[in-house]
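Comments concern the structure below.
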Amino acid sequence: MAGIFRQEWGRITAALIHQTGDWDLAEECAQDAFAQALRRWPGDGVPDRPGAWLMTVARRRALDRLRRGRTYQAKLEELAVTAAREQDPNAVAAPDQDADAGDGGVPDERLRLIFTCCHPALALEARVALTLRTLTGLSTAEIARAFLVPEATMAKRLVRAKQKIAHARIPYRVPPASALPERVPGVLAVLYLVFNEGYAASGGDDVIRRDLCDQAITLTRVLTELLPAEPEAQGLLALMLFHRARQAARVDARGDLVTLEDQDRTRWDQAEAELARRHLATALAARRPGQYQLQAAIAGCHAAARTADATDWPRIARLYRHLAELTGSPVVELNRAVAVSMADGPAAGLALLTRLEAGGALAGYYLLPATRADLLRRLGRDGEAADAYQEAAALAATGPERRFLEARLAQITGSATNGG
Amino acid sequence: MQYLLIHAGAPGLDDAWDDEAWAALNAWLDEAIGSGVSIEGGPLRMDADATTVTVRDGRVIVTDGPYAETKEQVAGYDVIECGDAAEAVGWARRHPHAWMGSVEVRALAGGGSAFHLAEPPAAGKTRYMMFVIADSAESAPPGPAQAWAAEMSGRGVRLFGSALGPAARARTVRGKGAAATVTDGAAGPADQPIVGFDVLECADLDEAIEVAAAHPMARAGLVEVRPFRALGED
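Just so you know, the protein sequences line up as chains Y and G, in that order.
412 is the number that our numbering gives to position 405 of the first sequence; each next residue is one higher, with no gaps.
256 is the number that our numbering gives to position 155 of the second sequence; each next residue is one higher, with no gaps.
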């Protein structure tokens, strides 16, 4: 039942928000419908079309509450205005009415909801919180735990976001086709942020974090279905699937990070990697490259290598160069330096790294000294490497990362003592 | 001459606004409206509901929040018509915002003006205050904005607006009665002066953003859009 819950929550809230214009009412009625299902289905059995059942119950509840409220007439007027505005000829065509038999005959409103939650006039953290709350059914408490803030803080963040939508009249709609190129990246950025939040700290630290990865993938998949013409959505999905395919091998029994080169590749999920490859191929066929497609291609190179030695590093280095040109991101430049060091030797990589460090862009980012340490180690400059590992460990944010760096430091200083 | 009063207050303004402030506001409105001094005015949503728009390298950049983080937040405005700056400052001193926060007094310049607006707004429309902000202490020439203003007024999305006199010649009132101070200069940051304002009436924030992004200052500075606070809304 948890699976049905997860699948249907976003669909139902999206439909109710569209029909009533009331975000809080939508959430509450969805909650009521699921509560009823939990009471009735164990005895009555799960209905043939659970989505339709839930949708019908939720809608009835919403209508009921609206009728009782004093604001009924006002809402009707508001809805009339919304409906009139919907005759916008520039609007993206609404998804098929009968696209999915499980939806209770209601069109999939989730696209509207995703774009509204990810509107650029909302602060990024508000977009993330609202997207998770309305589209995944994660509770406020669960979202707060995932992002390491108190529940009251997250609750306030959600209230503020909904208030801004209401006060500033952020429209509840899919942007017109002409605006999609500037709006889709914002949605993808939110979904990728959710994924990374789960991915970066996954590995036994918290069940919630693993769930974030799954939720991000689910939502991105929905986006690819609702926006089939957007190759970057496919690219992002491919990227996430490639990452998740490696999940089982990323962390060892003690909860410590295992580097890519040391991972047991037999534990990689080949089926998931194959699915990722297919999504990437679909994306690339559109001939509109973008940052997520490039990142997915890089991840795909790793996934294709049966052993670390078989990795096509020159190809990866080229892909990072394209990505750096596209995004101008210093983190990408850092990854490129690593790839170049693998393709052309650590000295070449160190040269790029030194240039990057001179720019000052990544000051305070632990991976910068960590990478420098690694390259110095490979060049046999152990003393300098030890200093750099220490610097990196001091900057590392999480337990697994710090332990990994301290282990490397121990190796280096151990060998320095032995050799000295 | 017309003057813009920019009312500001701390984030807790709503809770702090007491019976005395209400009484003072009612008295101010009675006097200002009765004597024909008040042209237009009303409460504005505060910083959490504001949106800032810039255009850089041809791309529209939309960010949540006001054009600058300041201790006091814009909470309302009035446009008044009176003889000179001293009189305008006198009206600002009597407004409860003077002691609930601050009131900045700016002369309207460059031929712009305000007038009484129809109430309520057209069906399905929302009104926004648009502030035009330069990104340096020198105020920008008003020239290029004329074309924008004409186009937007023609479309019906701009109700009125004006360039403002230099920020350095603004007067800001803080405090009550005899204890009130009147300082030279604007209330906001000196390196990001408000150089103009417009009142917009749009279908939704997307339209307001589109209108704001078209303003020439969006490319050279910033434009902030914040919704009116409708009567009866919490």
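Every residue gets a Cβ at the ideal spot worked out from N, C-alpha and C, and that includes glycine.
All of these numbers come straight from a predicted model, not from anything done at the bench.
With respect to V274 (chain G), V283 (chain G) sits close: the two C-beta atoms are nearer than 8 Å. Relative to R216 (chain Y), the option among Y:Q26, Y:I224, Y:G205 whose CA is nearest is Y:G205.
By the CB criterion at 8 Å, V339 (chain Y) and A324 (chain Y) fall outside the cutoff. Counting along the chain, the unbroken beta strand (DSSP E) around D285 (chain G) starts and ends at 282-285. Think of a sphere of 8 Å around the beta carbon of A149 (chain G): the chain Y residues whose beta carbon falls inside it are R167, Q170, K171, in chain order. The beta carbon of I305 (chain Y) does not come within 8 Å of any beta carbon belonging to chain G, so the residue lies off that interface.
If you check the CB distance, I181 (chain G) and L106 (chain G) come in under 8 Å.
T314 (chain Y) counts as exposed, since fewer than 16 other beta carbons sit within 10 angstroms of its beta carbon. In terms of beta-carbon proximity, P178 (chain Y) lines the interface with chain G, with at least one pair separated by less than 8 Å.
Residue environment for P245 (chain G): exposed (fewer than 16 other C-beta atoms within 10 angstroms of its C-beta).
F216 (chain G) is classed as exposed because its beta carbon has fewer than 16 other beta carbons within 10 Å across all chains shown. Residues of the region 36-54 of chain Y with a C-beta atom less than 8 Å from some C-beta of chain G do not occur. By the Cβ test, the region 151-171 of chain G is in contact with the region 285-293 of chain G, since at least three Cβ pairs between them sit closer than 8 Å.
Beta-bridge partners of P337 (chain Y) (DSSP): none assigned. For L118 (chain Y), the closest of Y:L282, Y:A317, Y:R388, Y:I19 by C-alpha to C-alpha distance is Y:I19. Setting aside the 5 residues that flank it on each side, L246 (chain Y) is surrounded in the same chain by Y299, Q302, A303, A306, each with a C-beta closer than 7 Å to its C-beta; the list follows chain order. D165 (chain G) sits away from R176 (chain Y), with the two beta carbons spaced by 8 Å or more. Interface annotation, D115 (chain G): not in contact with chain Y, CB-CB separation never under 8 Å. Spanning the alpha carbons of A311 (chain Y) and A392 (chain Y) requires a straight line of approximately 31 Å.
The closest CA to that of A133 (chain G), considering only G:D179, G:A319, G:A235, is found on G:D179.
At a cut-off of 8 Å between C-beta atoms, A175 (chain Y) counts as an interface residue with respect to chain G. By alpha-carbon distance to D269 (chain Y), the top candidate from Y:T318, Y:T289, Y:L282 is Y:T318.
Per DSSP, reduced to three states, the secondary structure at Y229 (chain G) is strand. For P112 (chain G), no CB of chain Y lies under 8 Å from its own CB, so it is not counted at the interface with that chain. Taken in chain order, the whole alpha helix (DSSP H) runs of length 4 or more contained in the region 199-283 of chain Y are 214-233, 238-252, 254-257. In this structure S185 (chain Y) is exposed. Its beta-carbon is surrounded by fewer than 16 other beta-carbon atoms within 10 angstroms. For S185 (chain Y), the three-state secondary structure derived from DSSP is helix.
In terms of Cβ geometry, G257 (chain G) and W200 (chain G) do not form a close pair [threshold 8 Å]. Contact annotation for D179 (chain G) against chain Y: no contact, minimum CB-CB distance about 21 Å [criterion: below 9 Å]. Taking the CA atoms as reference points, C36 (chain Y) sits about 10 Å from L61 (chain Y). Contact note: T152 (chain G) reaches chain Y through A128, A175, using a C-beta cutoff of 7 Å and chain order.
By the rule that beta-carbons nearer than 8 Å mark a contact, E237 (chain Y) does not touch chain G.
Collapsing the DSSP output to three states places D389 (chain Y) in a helix. Contact between G286 (chain G) and A268 (chain G) holds: their C-beta atoms lie close to 7 Å from each other, under 8 Å. For A176 (chain G), the three-state secondary structure derived from DSSP is strand. Secondary structure of P290 (chain G) (DSSP, three-state): coil.
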